[in-house]
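Report on the structure given below.
Number of protein chains: 2
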Amino acid sequence: MTARILIVDDTPSHSRALEARLIAEYYQIATSQDGLEAVRLAQAWQPDVILLDAMMPLLDGFAVCHRLKGDPLTQHIPIIMISALQEASDRLKGLDAGADDFLSKPVDPGTLLVRLRSLVRIKRHLDELRARGEAARSLGLSNESMAMPSVSGARALVIDDQDLSAQTLQDSLSHEGILPGRAASEMEVMALTASIPFDLIVLSLSMAVDDPLRVAAMLRATDISHDVPLLLVSSQADRARVLRGFDLGANDWLALPVVDAELRARARNLIRRKFYQDRLRADLGSALEMALTDPLTGFYNQRYLMRHLRGLLAGGSPNGIAVMMVDVDHFKSINDRFGHSAGDMALKTIADTLRNRTRVFDSIARYGGEEFVVVMPGAGAADAMSAAERLRTSIETMNFSPEPGIKAQLTVSIGVSYTGSQSTTPELLLQSADQAMYLAKRSGRNRVEMAASA
Amino acid sequence: MTARILIVDDTPSHSRALEARLIAEYYQIATSQDGLEAVRLAQAWQPDVILLDAMMPLLDGFAVCHRLKGDPLTQHIPIIMISALQEASDRLKGLDAGADDFLSKPVDPGTLLVRLRSLVRIKRHLDELRARGEAARSLGLSNESMAMPSVSGARALVIDDQDLSAQTLQDSLSHEGILPGRAASEMEVMALTASIPFDLIVLSLSMAVDDPLRVAAMLRATDISHDVPLLLVSSQADRARVLRGFDLGANDWLALPVVDAELRARARNLIRRKFYQDRLRADLGSALEMALTDPLTGFYNQRYLMRHLRGLLAGGSPNGIAVMMVDVDHFKSINDRFGHSAGDMALKTIADTLRNRTRVFDSIARYGGEEFVVVMPGAGAADAMSAAERLRTSIETMNFSPEPGIKAQLTVSIGVSYTGSQSTTPELLLQSADQAMYLAKRSGRNRVEMAASA
Numbered sequence: 095m096t097a098r099i100l101i102v103d104d105t106p107s108h109s110r111a112l113e114a115r116l117i118a119e120y121y122q123i124a125t126s127q128d129g130l131e132a133v134r135l136a137q138a139w140q141p142d143v144i145l146l147d148a149m150m151p152l153l154d155g156f157a158v159c160h161r162l163k164g165d166p167l168t169q170h171i172p173i174i175m176i177s178a179l180q181e182a183s184d185r186l187k188g189l190d191a192g193a194d195d196f197l198s199k200p201v202d203p204g205t206l207l208v209r210l211r212s213l214v215r216i217k218r219h220l221d222e223l224r225a226r227g228e229a230a231r232s233l234g235l236s237n238e239s240m241a242m243p244s245v246s247g248a249r250a251l252v253i254d255d256q257d258l259s260a261q262t263l264q265d266s267l268s269h270e271g272i273l274p275g276r277a278a279s280e281m282e283v284m285a286l287t288a289s290i291p292f293d294l295i296v297l298s299l300s301m302a303v304d305d306p307l308r309v310a311a312m313l314r315a316t317d318i319s320h321d322v323p324l325l326l327v328s329s330q331a332d333r334a335r336v337l338r339g340f341d342l343g344a345n346d347w348l349a350l351p352v353v354d355a356e357l358r359a360r361a362r363n364l365i366r367r368k369f370y371q372d373r374l375r376a377d378l379g380s381a382l383e384m385a386l387t388d389p390l391t392g393f394y395n396q397r398y399l400m401r402h403l404r405g406l407l408a409g410g411s412p413n414g415i416a417v418m419m420v421d422v423d424h425f426k427s428i429n430d431r432f433g434h435s436a437g438d439m440a441l442k443t444i445a446d447t448l449r450n451r452t453r454v455f456d457s458i459a460r461y462g463g464e465e466f467v468v469v470m471p472g473a474g475a476a477d478a479m480s481a482a483e484r485l486r487t488s489i490e491t492m493n494f495s496p497e498p499g500i501k502a503q504l505t506v507s508i509g510v511s512y513t514g515s516q517s518t519t520p521e522l523l524l525q526s527a528d529q530a531m532y533l534a535k536r537s538g539r540n541r542v543e544m545a546a547s548a
Numbered sequence: 095m096t097a098r099i100l101i102v103d104d105t106p107s108h109s110r111a112l113e114a115r116l117i118a119e120y121y122q123i124a125t126s127q128d129g130l131e132a133v134r135l136a137q138a139w140q141p142d143v144i145l146l147d148a149m150m151p152l153l154d155g156f157a158v159c160h161r162l163k164g165d166p167l168t169q170h171i172p173i174i175m176i177s178a179l180q181e182a183s184d185r186l187k188g189l190d191a192g193a194d195d196f197l198s199k200p201v202d203p204g205t206l207l208v209r210l211r212s213l214v215r216i217k218r219h220l221d222e223l224r225a226r227g228e229a230a231r232s233l234g235l236s237n238e239s240m241a242m243p244s245v246s247g248a249r250a251l252v253i254d255d256q257d258l259s260a261q262t263l264q265d266s267l268s269h270e271g272i273l274p275g276r277a278a279s280e281m282e283v284m285a286l287t288a289s290i291p292f293d294l295i296v297l298s299l300s301m302a303v304d305d306p307l308r309v310a311a312m313l314r315a316t317d318i319s320h321d322v323p324l325l326l327v328s329s330q331a332d333r334a335r336v337l338r339g340f341d342l343g344a345n346d347w348l349a350l351p352v353v354d355a356e357l358r359a360r361a362r363n364l365i366r367r368k369f370y371q372d373r374l375r376a377d378l379g380s381a382l383e384m385a386l387t388d389p390l391t392g393f394y395n396q397r398y399l400m401r402h403l404r405g406l407l408a409g410g411s412p413n414g415i416a417v418m419m420v421d422v423d424h425f426k427s428i429n430d431r432f433g434h435s436a437g438d439m440a441l442k443t444i445a446d447t448l449r450n451r452t453r454v455f456d457s458i459a460r461y462g463g464e465e466f467v468v469v470m471p472g473a474g475a476a477d478a479m480s481a482a483e484r485l486r487t488s489i490e491t492m493n494f495s496p497e498p499g500i501k502a503q504l505t506v507s508i509g510v511s512y513t514g515s516q517s518t519t520p521e522l523l524l525q526s527a528d529q530a531m532y533l534a535k536r537s538g539r540n541r542v543e544m545a546a547s548a
């Protein structure tokens, strides 16, 4: 897999060496010697990964990283920081600035290529989600802000068969407010991941089992855990297996002995990315839901109603289907006397009664401005008439105040139709209910009428 | 990257050898010796790739492939057919049954692993799209059927700097009804892909340029061509470069000399998969659009209106914003006298007039049952009043027949509000327009009134 890589390094000889190595692997490269320019380039060129030198004059790598991760235009681009520094504190500083990994100079080409592949894979996946999620967001179909979420309360699974090291990992995660579970065998992993939606999995490669990478492979090949961030923990000497783990889909690596602050920083970054992904998916989901619901009442809209009725009729509902058309009486005069917001309140009040006075398997749609349709699968004519009558009475006796101190009575006219022995269409069924409802109106309102025949 | 692989082979020793090889690479394996069982397993276990022996007793590999590709539950799972047969006609039979590739026995492990990686990558990408696209579909947010589309009219780009071989490829694609363009250099590729949305790219590795794989890498690293299927054409001897090409993101390979029917079969399969992906994306897109529009008139809904107004007000529209609240007079009586469908017709007729009598940069929303809101950026009080007056006159003089032979006059009452010097909110702006509209109603309907102050 190829990708666009931005190399940021103030020493031209360093960046040239990296560039040559990556071009040989068919990557598309851009370079920058200066932090500020790098930020602009990242915004405009939208690379798939950024390799960022930690030590630069003026704006250093940590500051550049911080800016990139704080900018909605670039926050999703993975960053590998590269530094001559071996200090754990610098690694931490990079991770805290949001870097996805930290490699030491001189960069080992094998390690770099494996990390690039892994990060590009994640980035591509995110791109697809972003394309849709951001569309939903830009259309205003999401209410949440994209601010950095807290990881407190996130759920992690520590996979380690040695009690002592497992405890160390769990304690460290707990200090961050993360709730850590533990599994000591592949069976336990399968059982736990099947029942708990984890936000992070920490896998120790020092387990005594045959080959801990089998657990990683199983997690990655299983739908339920496929997208959960996977952090490997191993000794420095175990580098070859860690690289294999990245190829299998691991997302990050922590070297033993565990440095509490580093584990926490890596866990934080991984969980935040997971949350970001979750929110993009949720935005899409809510957009889909919004396409089918009425914003005022939360009921289904006409679009869904027609589809639902078509499905029920095609399924040949054995005991028939009854439909009620419920129209609010003199609704216009509520609007005229008390304004739109009072009208909305009246509709909501009636909607609540409809929700509470129908069966769980009935479905309700807002059909027009002041009309609702209740679909009652399995209901015969007599059932539907008595249900409609109960509804009418409930609404008639409701309390409704369009303004403080003022009471107004709300009533509805209901038309009922039902599927007889002959087959029918959603359109005909609704039309009969509609005609019956108009008959109820003409007969004085606040009444229920049954369609002549559906 | 790991994945679930289903091996279907009636000779246990063959499938055991493959299984061992793939387990060593951390793949999760299931095996089946029987075609019918394999179909059931594929449905239930949902593997990421299926390795399918061509020659089996009872249901042979071609028939199994055909069934899997014809079943919505399994049609998206890539299939590699494996056969001892070297005949081109068998390869064709496999491709025609929908197989994604065809490998000869004994299977070369290197080739198999590269193909697996490439197909798993595509499958994963599709899975994410499917998860959302199918949700939209199951909610009825898509009207198109998922039937196998025709590739006729699809657009392909042949990249080859040698006229003769380019012409052979183009002719072959033309016979399939595909429209082939041609590029002979990387510059031409960039120019053409930037302006034409291709459904397939065919890249000859026999080009005289430095390294044709650079072109493949460029196509894959560029957003616009990233997801377009890429078919490599090369001599049998060039296998190493083809495998490198797969790693860079190529999707298929055709060996020289070009067999017309094989090129066409491969092109068909690749384009069909592209179309499938396009439709999943389109379903999502239309779901997003539906969330913001009113099905009857196609206008924006309240949800969009509020967001749009908020955006305009936040942008501090320098010349102010005017808003019209347009309410149909005596709408209820149209419904009462002629039924709902006549009411809908009346709304559509008025909607058409609104659309034709407003400026291109105005936006219109359906606000409630019989109410529309027109948002006019940059309009002052006088502009808005005269625009509203023109609208009112147009509607008053429209022809409307609720039933054949019957004419009815439609009129509207309009309230206008606008942003003054002080700042305001969408809610206040709409409320003033609403109050002005009620004033118009009380003053006799078929009138325009201006809000006292917004």
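Quick note, the sequences are listed as chains A and F, same order. Heads up, the first sequence is in my numbering, so the first residue is 95 and it goes up one at a time. Heads up, the second sequence is in my numbering, so the first residue is 95 and it goes up one at a time. From the three backbone atoms N, C-alpha and C, an ideal C-beta is built for every residue, glycine too. Here the structure is a predicted model, which means the values were calculated and not measured.
Opening and closing residue of the alpha helix (DSSP H) in which residue i lies
{"i": "G275 (chain A)", "result": "First-last for G275 (chain A): 273-277, but that is the beta strand (DSSP E), not the alpha helix (DSSP H)."}
{"i": "D421 (chain A)", "result": "Here D421 (chain A) belongs to no alpha helix (DSSP H); instead the beta strand (DSSP E) covers 415-422."}
{"i": "V309 (chain A)", "result": "306-315"}
Partner residues on chain A for residue i, Cβ-Cβ distance less than 8 angstroms
{"i": "R308 (chain F)", "result": "Y120"}
{"i": "L223 (chain F)", "result": "E222"}
{"i": "E464 (chain F)", "result": "G463"}
Contact under 8 angstroms by Cβ, residue i with residue j
{"i": "H402 (chain A)", "j": "S329 (chain A)", "result": "no"}
{"i": "G339 (chain F)", "j": "L307 (chain F)", "result": "yes"}
{"i": "L187 (chain A)", "j": "F156 (chain A)", "result": "Reading the sequence as shown, one finds Lys at residue 187 (chain A) and not Leu. Going by C-beta atoms, K187 (chain A) is nearer than 8 angstroms to F156 (chain A)."}
{"i": "A85 (chain A)", "j": "L135 (chain A)", "result": "Residue 85 (chain A) lies beyond the stretch modelled for chain A, which goes from 95 to 548, so this question has no answer here."}
{"i": "L189 (chain F)", "j": "R333 (chain F)", "result": "no"}
{"i": "L223 (chain A)", "j": "L374 (chain A)", "result": "yes"}
{"i": "L146 (chain F)", "j": "I171 (chain F)", "result": "no"}
Proximal chain A residues relative to residue i, where beta-carbon distance stays under 7 angstroms
{"i": "P520 (chain F)", "result": "Within chain A, no residue comes near P520 (chain F); the closest Cβ sits about 12 angstroms away, beyond 7 angstroms."}
{"i": "Y532 (chain F)", "result": "D430"}
{"i": "H434 (chain F)", "result": "D528"}
{"i": "K426 (chain F)", "result": "K426"}
First and last residue of the uninterrupted beta strand (DSSP E) at residue i
{"i": "R249 (chain F)", "result": "249-253"}
{"i": "D104 (chain A)", "result": "Element bounds for D104 (chain A): n/a, residue is neither H nor E."}
{"i": "S507 (chain A)", "result": "506-512"}
{"i": "A138 (chain F)", "result": "Premise fails: A138 (chain F) lies in the alpha helix (DSSP H), 129-139, not in any beta strand (DSSP E)."}
{"i": "D142 (chain F)", "result": "Segment: none, D142 (chain F) is in no beta strand (DSSP E) and carries neither H nor E."}
{"i": "D346 (chain F)", "result": "346-349"}
Burial state of residue i, where buried means 16 or more other Cβ atoms lie within 10 Å
{"i": "D304 (chain A)", "result": "exposed"}
{"i": "N237 (chain F)", "result": "Residue placement at N237 (chain F) is flagged as unreliable, the pLDDT there being 49, under the threshold of 50; a coordinate-derived value is accordingly withheld."}
{"i": "L116 (chain F)", "result": "buried"}
{"i": "L152 (chain A)", "result": "exposed"}
{"i": "A548 (chain A)", "result": "Since pLDDT at A548 (chain A) reaches only 45, below the 50 mark, its modelled position is unreliable, and the value read off the structure follows with that caveat. So A548 (chain A) counts as buried."}
{"i": "M479 (chain A)", "result": "buried"}
{"i": "H434 (chain A)", "result": "buried"}
{"i": "V245 (chain F)", "result": "buried"}
Chain F contact residues for residue i, given Cβ-Cβ distances below 8 angstroms
{"i": "A502 (chain A)", "result": "Ordered by position in chain F, no residue passes the 8 angstroms Cβ test against A502 (chain A), which lies about 17 angstroms from the chain."}
Contacts of residue i in chain F (Cβ-Cβ under 9 angstroms)
{"i": "P389 (chain A)", "result": "N395, Q396, R397"}
Interface residues of chain F facing residue i [CB-CB closer than 7 angstroms]
{"i": "T96 (chain A)", "result": "A311, R314, A315, L342, G343"}
Contact list for residue i against chain A, beta-carbon separation under 9 angstroms
{"i": "H219 (chain F)", "result": "R218, H219, E222"}
{"i": "R335 (chain F)", "result": "Neighbours of R335 (chain F) on chain A: none; closest Cβ ~11 angstroms, over 9 angstroms."}
{"i": "K535 (chain F)", "result": "D430"}
Between the segment 256-266 of chain F and the segment 379-386 of chain F, do at least 3 Cβ pairs fall closer than 8 angstroms? no
Would you be able to state if there are at least three C-beta pairs under 8 angstroms between the segment 517-529 of chain A and the segment 483-490 of chain A? no
Touch test, the segment 158-166 of chain F against the segment 205-213 of chain F, Cβ-Cβ under 8 angstroms, three pairs minimum: no
Answer yes if the segment 496-505 of chain A comes into contact with the segment 414-428 of chain A, meaning at least three C-beta pairs across the two stretches below 8 angstroms, and no otherwise. yes
Would the segment 523-532 of chain F and the segment 489-499 of chain F be scored as touching if the rule is three or more Cβ pairs under 8 angstroms? no
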